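For reference, the structure discussed in these notes is given below.
Number of protein chains: 2
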Amino acid sequence: MGRHAPEPGGAAVTTPTAGETAGSKSERAYAAIKEKILGGEYTPGYRLVLAKLAGDLGFSVVPVREAIRRLEAENFVTFERNVGATVAGIDPTEYLFTMQTLSIVEGAATALSAPLITASDIARARAVNAAMRESLDHFDPIRFTALNLEFHSVLFENCPNPHILDLVHRGWNRLQALRSSTFSYVPGRAKESVAEHEALLALLESGAGADDVERAARAHRAATLDAYLARRSPEQRAHVPVSASY
Amino acid sequence: MGRHAPEPGGAAVTTPTAGETAGSKSERAYAAIKEKILGGEYTPGYRLVLAKLAGDLGFSVVPVREAIRRLEAENFVTFERNVGATVAGIDPTEYLFTMQTLSIVEGAATALSAPLITASDIARARAVNAAMRESLDHFDPIRFTALNLEFHSVLFENCPNPHILDLVHRGWNRLQALRSSTFSYVPGRAKESVAEHEALLALLESGAGADDVERAARAHRAATLDAYLARRSPEQRAHVPVSASY
DNA sequence: GAGTACGAAATCGTATACGATCAGCCTAGC
DNA sequence: GCTAGGCTGATCGTATACGATTTCGTACTC
Chain B
1 MGRHAPEPGG AAVTTPTAGE TAGSKSERAY AAIKEKILGG EYTPGYRLVL
51 AKLAGDLGFS VVPVREAIRR LEAENFVTFE RNVGATVAGI DPTEYLFTMQ
101 TLSIVEGAAT ALSAPLITAS DIARARAVNA AMRESLDHFD PIRFTALNLE
151 FHSVLFENCP NPHILDLVHR GWNRLQALRS STFSYVPGRA KESVAEHEAL
201 LALLESGAGA DDVERAARAH RAATLDAYLA RRSPEQRAHV PVSASY
Chain Y
1 MGRHAPEPGG AAVTTPTAGE TAGSKSERAY AAIKEKILGG EYTPGYRLVL
51 AKLAGDLGFS VVPVREAIRR LEAENFVTFE RNVGATVAGI DPTEYLFTMQ
101 TLSIVEGAAT ALSAPLITAS DIARARAVNA AMRESLDHFD PIRFTALNLE
151 FHSVLFENCP NPHILDLVHR GWNRLQALRS STFSYVPGRA KESVAEHEAL
201 LALLESGAGA DDVERAARAH RAATLDAYLA RRSPEQRAHV PVSASY
C-alpha cells in the first residue's frame, strides 16, 4: 500500500480504493466470529479457543481476545476467567426476557417516532408490509424476519433518542443470537403480524396520541411472545416469572 | 460516601458476581479508572493515554487497554482509532436522552416489580424516603442521590426481568458519568421528589394496576427532567428534540 | 501573509513470549 | 474396588517489542 499524498482541497473522506477495508483486525475478528455464531457454524456451547480462532483467521490472539470480550459484552458468548469462552446457549427464559424488554423499548421508540413520521415513511413501510403479506404463501422465516426488521426500521428512523434505538438494536441482536426463528415461528402468527402492522400504520396516519401508539406497538411484540407461550405446556409456563404484556 | 453502586460495570446479566477478590489486572484497571472518572479526578475531555495510565497503575498497557474498551462500551469514555480515548463530556442533550430512557425503563421495572412487592419492602423504602425528607434541611446532592438510588433499588429488587434491571443500572451509571448532580439539582425539586415517592408507595400499597404504577414511575423521572428543562432558555429548549413525557 | 507540503514525535495496533491458573487423568494408598 | 493426592496438558493473563497511523509543528512557496 503506497503512501497517499494528502490531497489538496476538501476531500476529507478519502476512499483509498477500498470499499471493504474493515478497520482493525479486532473489528474484523469480531465480525467474523459473530457471523459464524449467527450463521449457525458455532452452535451454543461451542468452545471458542483463542489460539484456534487466531489460527483460523490468520490473526494473533490479541485482536481475537478483544473481539471475544466484545461479544461477551453483547451476550453472544459467556466467558469464564482462565477457562475460556463458549457460545451462549438457547434459553427459553432468556428469550422471554428479551421479548418483554423489546416490547417496552420498541413501544417507546415507535411512540417517540410517531410525531415525526411522514406520509412517505408510511408508504415505504406499507410497501414492506405488502411484501411480507405476499411472502406468506411460500413462507420463509428468515426472509420474513428480515422484512419485519425492515418494517420497524422504517418506523424508527425518525426516533430522536438514539439511546432507545440502541436498546432496540441490542434486543434484535440478542434475538438473532438466540436463533429466534426456532422460537418465534408459530403457525398463524405471521399472518396476524402483518395485520397488526397495517393497523399500526392506520393508527399512525390517524395522528393518534403517543400513548395509543405505544400501547399498540408494545402489544404487537407482546402478541408474538404470547403466541409462543401459548404453545408451551402449563408447567413450562408456570416457572416463567413474567407475563408478556403486564 | 456511602458506596451503594448498583452493580459495578458488568453489562452482562450473567455476571457471576465475582466477589471482591482483586480479580485480574484488567478488572482492577477498569475499577480504578472508572473511580477516577466518577470522582472527578479525570474531568470530561481528559485524554486517557495508555502508556501513562499503565505507568501510574503499575500495569502493562494490555490490561489498561481492555479496561478502556470496556469503559467505552459503557459510554464513560469515547474512543477513536489511532488517536486514543477521552473522558466523555457533559452534554445536555445526552443528559436528556438518558433521563428519557430512564423514565421508560424505570417505569417498566417498577411496574414489573409491583405485583411481587411485599409490605416489608414498602416499609424499607418508606424508611429510606424518610431519611431523604430529613436530609432536605441540610441538603447534600451526593447523599440525596445515593438515597434516591437506594429507594428505587428497594422497589426494583423483585423485578423478575434482569434485562430491564440491567438497563436501569446502565442509565444510572451514565448519569453518574455525566455528573448528574450538576444537572439535576433544581431548587424545590428534591422536596417534590420525596412527595412523589410517598405517593408511589401509596399506589403500590393500594394494589394498583401495572399500568397506573408504570405511569406514575415514569412521570416521576420525567418530572425531574421537566424541572431541568424549565430552567433552560426557550432557545436552548428549542433544539431539544424530544419532550420529557411524551 | 496565507496556505501548503514535509517531517518528527506521539500514540495506538498487533505480534510474540512467558508466567499463572484451571480441568482432567493417572497413580498410590486404604 | 474406591477415594485422595499429585501431575500433566491446555488455556488464559500479562509483559515486552515492533510496526502502522495520526497529529502537530516547521519551513517553504505562491
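Note that the protein sequences, when read in sequence, are chains B and Y.
Per UniProt numbering, numbering of the first sequence is gapless, rising by one per residue and ending at 246.
Per UniProt numbering, numbering of the second sequence is gapless, rising by one per residue and ending at 246.
All C-beta atoms, glycine included, are put in the ideal place defined by N, C-alpha and C.
Since the model is a prediction, treat every value here as computed from it, not as a measurement.
Within its own chain, no residue has a Cβ closer than 6 Å to the Cβ of Glu192 of chain B once the five positions on either side in sequence are excluded. For Leu48 of chain Y, the closest Cβ of chain B is not nearer than 8 Å.
Listed along the chain, the chain Y residues whose CB falls inside 7 Å of the CB of Ala108 of chain B are Ile104. Rounded to the nearest angstrom, the Cβ distance from Lys25 of chain B to Leu71 of chain B is 15 Å, too far for a contact under 8 Å. In this model, Asp140 of chain B and Ala88 of chain Y are separated by some 44 Å (Cα to Cα). For the stretch 149 to 163 of chain B, residues whose beta-carbon sits nearer than 8 Å to a beta-carbon of chain Y comprise Pro160, Asn161, Pro162 and His163. Where Gly171 of chain Y is concerned, the enclosing alpha helix (DSSP H) starts and stops at Pro162 to Ala177. Annotated three-state conformation of Thr86 of chain B is strand, per DSSP. Among the residues facing chain Y, Gln176 of chain B is not included, as its CB has no counterpart in that chain under 8 Å away.
With respect to the 8 Å criterion, Asn173 of chain B and Glu74 of chain B are classified as neighbours on the basis of their beta carbons. The DSSP assignment places 61 to 73, 92 to 113 and 119 to 135 as complete runs of the alpha helix (DSSP H) inside the stretch 54 to 142 of chain B, in order along the chain (cut-off: 4 residues). Ala32 of chain B is outside the set of residues whose beta carbon lies under 8 Å from a beta carbon in chain Y. For Val194 of chain B, the uninterrupted alpha helix (DSSP H) segment begins and ends at Arg189 to Glu205. Membership of Arg221 of chain Y in the alpha helix (DSSP H) is indicated by the continuous run Ala210 to Ala230. The beta carbons of Leu204 of chain Y and Ile117 of chain Y sit closer together than 8 Å.
With respect to the 8 Å criterion, Ala125 of chain Y and Phe151 of chain Y are classified as neighbours on the basis of their beta carbons. Closest by C-alpha distance to Ala31 of chain Y, out of Y:Leu53, Y:Gly45 and Y:Leu167, is Y:Leu53.
Distance check between Pro160 of chain B and each of B:Glu106, B:Leu112, B:Ile104 and B:Pro44 places B:Leu112 closest, using alpha-carbon atoms only. Looking only at B:Gly23, B:Asp212 and B:Leu167, the smallest Cα-Cα distance to Glu106 of chain B is reached by B:Leu167. Rounded to whole angstroms, the separation of the alpha carbons of Leu200 of chain Y and Ala217 of chain Y is 7 Å. Near chain B, meaning a CB-to-CB distance below 9 Å, the residues of the stretch 87 to 101 of chain Y are Glu94, Leu96, Phe97, Thr98, Gln100 and Thr101. Our two residues, Leu57 of chain B and Thr86 of chain B, have alpha carbons roughly 18 Å apart in a direct line.
The beta-bridge partner set that DSSP reports for Leu48 of chain Y consists of Y:Ala85. Residue burial is scored here from C-beta neighbours: Ala51 of chain Y has fewer than 16 other C-beta atoms within 10 angstroms and is therefore classed as exposed.
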